[in-house]
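Number of protein chains: 2
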Amino acid sequence: MTDAARTSAQSATKPPGLRERMRATVRKEVVEVALRLFSEQGFDGTTVDQIAGEVGLSRASLFRYFGTKEDMVLQGLEETGRQIAEAFAARPDTERPWEALRRAFDVLTQANEQAPEQALSYLRMLQETPSLRARHFEKQLSWQAMLEPEIARRLGVSADQPEEVGPNALSGAALACLDAAATGWVACGGAVPLAVLLDRAMGTLTE
Amino acid sequence: MTDAARTSAQSATKPPGLRERMRATVRKEVVEVALRLFSEQGFDGTTVDQIAGEVGLSRASLFRYFGTKEDMVLQGLEETGRQIAEAFAARPDTERPWEALRRAFDVLTQANEQAPEQALSYLRMLQETPSLRARHFEKQLSWQAMLEPEIARRLGVSADQPEEVGPNALSGAALACLDAAATGWVACGGAVPLAVLLDRAMGTLTE
DNA sequence: CAGGTTTCTGATGCTCAGTATCAGATTGAG
DNA sequence: CTCAATCTGATACTGAGCATCAGAAACCTG
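Line by line, the protein sequences give chains A and B. Quick note on full-length UniProt numbering: the first sequence kicks off at 1 and runs consecutively. Quick note on full-length UniProt numbering: the second sequence kicks off at 1 and runs consecutively.
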């Protein structure tokens, strides 16, 4: 089993950084296996040993790829956060911050509407598993940190000044709206498009 | 040690519901001990056994009072949430929801400005300890649940309808502002009053 | 391509949070 | 006083996460 996984991973690599390539491949496979097992048995009903065994890795090694069990599912959000921050910074300066944030979130709405079933079950798991929900909020904090510099710039205030709470408040509020939209989207089984719910959520704050 | 704690707790009770009175007393003492130990050694640096030993309880019994280690510090927030929801519902209907929420939060600002040092160190611990921060967000979710019915009423929409994201968005955004204010308050060491920071934070959203 | 260095791996053992079980003690009600 | 319900400590278990170690693989360099 270990050998099988090893060989299949090796066969897929050839030219540039070898070590790094392996790592990326293994990471991806771990995420796949983890997502499958979690959807089959639930997050808490799946042990790290199970994932490690199925991937063909030892438990200890697995923890060298992902610091926590939750990270196996949530680490992708780090990249998503970067994409949102990038899209946000790319919006024209003529837009008000709130509007620009709304548009930046289309990175998410478009991705989710592209594979709704998958996105729905993923979000459902995120909302129904306490430990995942908790870590998810942590990730959102890192999203805030990524958004705040640009918000501060648009607001004309200096970032990293304690009493300037504007950027923090704005990013937090926007993400709260995003969460509200996502929650509603899951609750209605995707019947109403996520983008519409997000419009309503963020619209409520500026009505 | 066990006897000492037991007797001191018993001596303070006499007439009505005895069993329940004991329970409340023990709970309070656990919170006191936990807060002290956490501030001395940090949250992660303190084991549940330590707390149990100091209070004069077995580990198993301690977990019958508090389901998790975090709850020993955070369960008080449940009561705080109720007070905020109550204050919110008591605001006149003439106020816009956002304004009423701001006023309801004065329950917190006043309590915190009354014992700033204590509040500061408590918030600091909450923000610096990952596991506590995570659970803290969970508590905020329960705050949202407490606020949403009244928000829905003021907004004239029916609660518990999936596609009505307004109340969820509004409560989440308000709490995000509260968090932003609290973060800023801690960051500047309480130099700027919490109420002022909260005004700025929530004002940014309606400017 | 042969050397040494760095990095990764599996194995092992540990800490600690949280759960389950059980027998004995305490409380409260009839 | 007695019986039922509750609370307790003791014990043992699961599972996540950390630390350590020796061996193997991949990288650099001459």
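Cβ atoms here follow ideal geometry from the backbone N, Cα and C, with glycine treated the same way.
At which residues does the alpha helix (DSSP H) containing Ala191 (chain B) begin and terminate? The residue you call residue 191 (chain B) lines up with position 191 of the second sequence. It is not in any alpha helix (DSSP H) - Ala191 (chain B) carries neither H nor E in the DSSP assignment.
Between which two residues does the alpha helix (DSSP H) holding Gly81 (chain B) run? Numbered from its first residue, the second sequence carries residue 81 (chain B) at position 81. It spans 71-90 - the alpha helix (DSSP H) in which Gly81 (chain B) sits, taken as one unbroken run.
Use the C-beta contact count for Ser142 (chain B): other C-beta atoms within 10 angstroms, 16 or more gives buried, fewer gives exposed. On the second sequence, residue 142 (chain B) is found 142 positions in, with the first residue counted as 1. With fewer than 16 other Cβ atoms within 10 Å, it is exposed.
Answer yes if the segment 173-186 of chain B comes into contact with the segment 167-175 of chain A, meaning at least three C-beta pairs across the two stretches below 8 Å, and no otherwise. yes
Taking the alpha-carbon positions, what's the Phe88 (chain B) to Gly203 (chain B) distance? On the second sequence, residue 88 (chain B) is found 88 positions in, with the first residue counted as 1. On the second sequence, residue 203 (chain B) is found 203 positions in, with the first residue counted as 1. Each residue's Cα considered, the two are about 18 Å apart.
Could you have a look at residue 210 (chain A) and say whether DSSP puts it in helix, strand or coil? Residue 210 (chain A) cannot be examined here, being either before or after the span of chain A that is shown, 1 to 207.
By Cβ distance below 8 Å, which residues in the same chain neighbour Ala55 (chain A) in space, the five residues on each side in sequence not counted? If you number the first sequence from 1, residue 55 (chain A) lands on position 55. Ala is not the amino acid found at residue 55 (chain A); the sequence shown has Val there. Excluding sequence neighbours, Val55 (chain A) sits near Ala5, Val26, Glu29, Val30, Val33, Leu62.
Closest Cβ-Cβ distance between Thr129 (chain B) and chain A: below 8 Å? One-based indexing of the second sequence puts residue 129 (chain B) at position 129. Not closer than 8 Å to any Cβ of chain A, the Cβ of Thr129 (chain B) fails to qualify, so no.
Work out the CA separation of Phe137 (chain A) and Phe43 (chain A) for me, nearest whole Å. By 1-based counting over the first sequence, the position of residue 43 (chain A) is 43. By 1-based counting over the first sequence, the position of residue 137 (chain A) is 137. In this structure, the straight-line span from the alpha carbon of Phe43 (chain A) to that of Phe137 (chain A) is close to 17 Å.
Whether Gly189 (chain A) touches Leu197 (chain A) by CB criterion (8 Å): The residue labelled residue 189 (chain A) in the question sits at position 189 within the first sequence. The residue labelled residue 197 (chain A) in the question sits at position 197 within the first sequence. Not a contact, by the Cβ cut-off of 8 Å.
When the distance is taken between beta carbons, is Ile84 (chain A) closer than 8 Å to Ala100 (chain A)? Counting from 1 along the first sequence, the entry for residue 100 (chain A) is found at position 100. Counting from 1 along the first sequence, the entry for residue 84 (chain A) is found at position 84. No; because the gap between Cβ atoms is not below 8 Å, this pair is not in contact.
Taking 8 Å as the threshold (beta carbon to beta carbon), is Thr183 (chain B) in contact with chain A? Position 183 of the second sequence, counted from the start, is the residue given in the question as residue 183 (chain B). Output row for Thr183 (chain B): interface = yes.
Minimum Cβ-Cβ distance from Gly67 (chain B) to chain A less than 8 Å: Locating residue 67 (chain B) in the second sequence gives position 67, counting from the first residue. Under the 8 Å criterion on CB atoms, Gly67 (chain B) is classed as non-interfacial with respect to chain A.
Residues of chain A with CB closer than 9 Å to the CB of Asp179 (chain B), please, in chain order. One-based indexing of the second sequence puts residue 179 (chain B) at position 179. Within 9 Å Cβ-Cβ: Asn168, Ala169, Gly172.
Given a limit of 8 Å on CB to CB distance, which residues of the segment 103-136 of chain A reach chain B? For the segment 103-136 of chain A, which is checked against every Cβ of chain B, the residues closer than 8 Å are Pro130, Arg133, Ala134, Arg135.
Find the residues of chain A that neighbour Glu99 (chain B), judging by a C-beta separation of less than 8 Å, and give them in chain order. By one-based count along the second sequence, residue 99 (chain B) stands at place 99. By Cβ distance, chain A contributes nothing, its closest Cβ being about 13 Å from Glu99 (chain B), past 8 Å.
Anyone know if the C-beta pair for Pro97 (chain A) and Leu175 (chain A) falls short of 8 Å? Position 97 of the first sequence, counting from 1, holds the residue named residue 97 (chain A). Position 175 of the first sequence, counting from 1, holds the residue named residue 175 (chain A). No, they are not a contact pair.
I need the DSSP call for Val55 (chain A), collapsed to helix, strand or coil. Within the first sequence, residue 55 (chain A) is the residue found at index 55, counting from 1. Three-state DSSP puts Val55 (chain A) in a helix.
Going by the CB atoms, is the gap between Glu164 (chain B) and Val157 (chain B) shorter than 8 Å? As a first step, residue 157 (chain B) must be located in the second sequence, where it is residue number 157. As a first step, residue 164 (chain B) must be located in the second sequence, where it is residue number 164. Contact flag set, yes.
With 8 Å as the threshold, decide whether the Cβ of Pro162 (chain A) is near any Cβ in chain B. For the purposes of this step, residue 162 (chain A) is identified with residue 162 of the first sequence, where counting begins at 1. With respect to chain B, the C-beta atom of Pro162 (chain A) has a partner C-beta closer than 8 Å.
Local Cβ density within 10 Å of residue 235 (chain B), reported as buried at 16 or more and exposed below that: Because chain B spans 1 through 207 in this model, residue 235 (chain B) falls outside it and cannot be assessed.
Alpha-carbon spacing of Pro92 (chain B) relative to Gly81 (chain B), whole angstroms: Locating residue 92 (chain B) in the second sequence gives position 92, where the first residue counts as 1. Locating residue 81 (chain B) in the second sequence gives position 81, where the first residue counts as 1. Rounded to the nearest angstrom, the two C-alpha atoms are 19 Å apart.
The segment 191-205 of chain B: which residues have C-beta closer than 9 Å to a C-beta of chain A, in chain order? Ala191, Val192, Val196, Leu197, Leu198, Arg200, Ala201, Met202, Gly203, Thr204, Leu205
Quick one: grab the DSSP three-state call for Leu205 (chain B). Taking the second sequence and counting its residues from 1, the one referred to as residue 205 (chain B) is at position 205. In the structure shown, Leu205 (chain B) sits in coil (DSSP, three-state: anything other than H, G, I, E or B).
Compute the minimum distance between the beta carbon of Glu86 (chain A) and the heavy atoms of the ligand SAM, and state whether it is under 7 Å. Looking at this structure, you won't find the ligand SAM or any other ligand, since it has none at all.
Could you tell me which chain A residues have their CB closer than 7 Å to the CB of Ala187 (chain B), listed as they occur along the chain? Counted from its first residue, the second sequence places residue 187 (chain B) at position 187. Correct list: Pro162.
Which of helix, strand or coil does DSSP assign to Gly45 (chain B)? If you number the second sequence from 1, residue 45 (chain B) lands on position 45. Residue state, collapsed to three classes: coil.
Using the Cα positions of Thr7 (chain A) and Ser58 (chain A), report the straight-line distance between them to the nearest angstrom. The residue you call residue 7 (chain A) lines up with position 7 of the first sequence. The residue you call residue 58 (chain A) lines up with position 58 of the first sequence. Residue confidence is low: Thr7 (chain A) scores 36 on pLDDT, short of 50, so the model does not pin down where it sits. Its coordinate-derived value is still stated next. Cα-Cα distance, rounded: 16 Å.
Under 9 Å by beta carbon: chain A residues contacting Glu138 (chain B): Translated into the one-based positions of the second sequence, residue 138 (chain B) becomes position 138. Going along chain A in sequence order, the residues near Glu138 (chain B) (Cβ under 9 Å) are Pro130, Arg133, Ala134, Phe137.
Since Thr109 (chain B) and Ala195 (chain B) should fall inside the 8 Å C-beta cutoff, what is the C-beta to C-beta distance between them, to a whole number of angstroms? As a position in the second sequence, residue 109 (chain B) is number 109, starting the count at 1. As a position in the second sequence, residue 195 (chain B) is number 195, starting the count at 1. With 8 Å as the limit, Thr109 (chain B) and Ala195 (chain B) qualify as a contact, their Cβ atoms being about 4 Å apart.
For a contact defined as C-beta to C-beta under 7 Å, what are the partners of Val165 (chain A) on chain B? Indexing the first sequence from 1 puts residue 165 (chain A) at position 165. Under the 7 Å cutoff, chain B gives Ala180, Ala181, Gly184, Leu197, Arg200, Ala201.
Kindly indicate which residue of A:Arg124, A:Pro193, A:Arg153, A:Lys139 has the alpha-carbon position closest to the one of Gly76 (chain A). The sequence position of residue 76 (chain A) within the first sequence is 76, counting from 1. Residue A:Lys139 is the option with its Cα nearest to Gly76 (chain A).
Helix, strand or coil: which one does DSSP assign to Arg96 (chain B)? Numbered from 1 along the second sequence, position 96 holds the residue referred to as residue 96 (chain B). In this structure, Arg96 (chain B) counts as coil in the three-state DSSP scheme.
Residue span of the alpha helix (DSSP H) that contains Thr109 (chain B), given as start and end: Reading the second sequence from its first residue, position 109 is the one you call residue 109 (chain B). Counting along the chain, the alpha helix (DSSP H) containing Thr109 (chain B) begins and ends at 106-114.
Taking all protein chains shown into account, do 16 or more other C-beta atoms lie within 10 angstroms of the C-beta of Gln144 (chain B), making it buried, or fewer, making it exposed? Reading the second sequence from its first residue, position 144 is the one you call residue 144 (chain B). Gln144 (chain B) is buried by the Cβ-count criterion.
Report the rounded CA-to-CA distance for Val192 (chain A) versus Glu113 (chain A), giving the unit in angstroms. Within the first sequence, residue 192 (chain A) is the residue found at index 192, counting from 1. Within the first sequence, residue 113 (chain A) is the residue found at index 113, counting from 1. Inter-residue distance for Val192 (chain A) and Glu113 (chain A) is about 11 Å (C-alpha atoms, whole angstroms).
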